[in-house]
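Accompanying notes for the structure given below.
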Amino acid sequence: MDRFLEIYDQVLHILAKITVHTLEIIGISIVIFGSIKVLLHYLKRLKNKNLEHQNAVIVLGRSLSLALEFKMGAEIVNTVIVRELKELLILGIIIILRAILAILIHWEITTEEKEEKAHAIARENALKRESTTKEVKTNSKEEKGD
């Protein structure tokens with residue numbers, strides 16, 4: 340029975356390590372691809388000013404937030420293979436720091452989205468005023484022509 344538990348522990352340790360590394364790689368990949376996506380969109384916007392505005396902070400923030408979720412998942416799985424209390428404390432601190440980062444990123448995304456909506460409403464109102472002003476000028480010219 341002791342031999343079985345030893346083998347079981349080794350298999351669990353190996354599976355946990357593989358899972359941790361896989362989740363870490365996924366998290367890193369999300370950061371890389373999210374950053375590349377934002378960079379490419381930014382470069383396209385530099386070329387073509389008519390391209391739809393998509394706030395880079397929001398897009399990158401969402402990528403970072405998702406990546407952090409995978410990284411935190413890796414840390415949680417890592418708790419399965421911790422052997423000492425010191426390691427567990429370090430993992431706990433890492434998880435807390437990553438959770439704080441996730442909250443800050445979420446707050447920044449929310450703030451940027453609100454600002455983006457406010458700018459969109461302001462642009463829409465400016466366009467309405469502009470079209471109203473043009474209509475008034477057109478009507479004035481027509482009345483003078485009569």
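Numbering follows my numbering, in which position 38 of the sequence shown is assigned residue number 377; successive positions increment by one, without gaps.
Note that beta-carbon positions come from the ideal geometry of N, C-alpha and C, so glycine has one too.
A quick note: this is a predicted structure, and the numbers were derived from the prediction, not measured.
Range of the contiguous alpha helix (DSSP H) that encloses residue i
| i | result |
| --- | --- |
| residue 420 | Premise fails: residue 420 is in no alpha helix (DSSP H) and is neither H nor E. |
Counted within 10 angstroms of its Cβ, other Cβ atoms place residue i as buried (16 or more) or exposed
| i | result |
| --- | --- |
| residue 470 | exposed |
| residue 431 | exposed |
| residue 453 | exposed |
Presumed contact (8 Å Cβ cut-off) between residue i and residue j, rounded CB distance
| i | j | result |
| --- | --- | --- |
| residue 414 | residue 433 | 5 Å |
| residue 351 | residue 416 | Actually they are not in contact, since the Cβ atoms of residue 351 and residue 416 sit about 11 Å apart, beyond 8 Å. |
| residue 397 | residue 463 | Incorrect: roughly 19 Å between the Cβ atoms, too far for contact. |
| residue 418 | residue 407 | Their Cβ separation, rounded to whole angstroms, is 17 Å, which puts residue 418 and residue 407 out of contact at 8 Å. |
| residue 571 | residue 404 | Past the boundaries of the shown model lies residue 571; the chain is included only from 340 to 485, so the question cannot be answered. |
| residue 345 | residue 400 | That pair is no contact at about 46 Å. |
Other residues of its chain near residue i: CB distance less than 8 Å, five sequence neighbours each side excluded
| i | result |
| --- | --- |
| residue 395 | 377, 380, 381 |
| residue 402 | 369, 370, 372, 373, 374, 376, 377 |
| residue 441 | 404, 407, 408, 411 |
| residue 347 | none |
Residue-chain proximity (residue i, chain D), Cβ-Cβ < 8 Å
| i | result |
| --- | --- |
| residue 373 | You won't find chain D in this structure, because it holds only one protein chain. |
Contact test: residue i Cβ vs the ligand COA heavy atom, cutoff 7 Å
| i | result |
| --- | --- |
| residue 354 | Absence of the ligand COA from the depicted structure is noted, as is the absence of any ligand whatsoever, leaving it without description. |
Cβ neighbours of residue i in the same chain (closer than 7 Å, five flanking residues each side left out)
| i | result |
| --- | --- |
| residue 460 | none |
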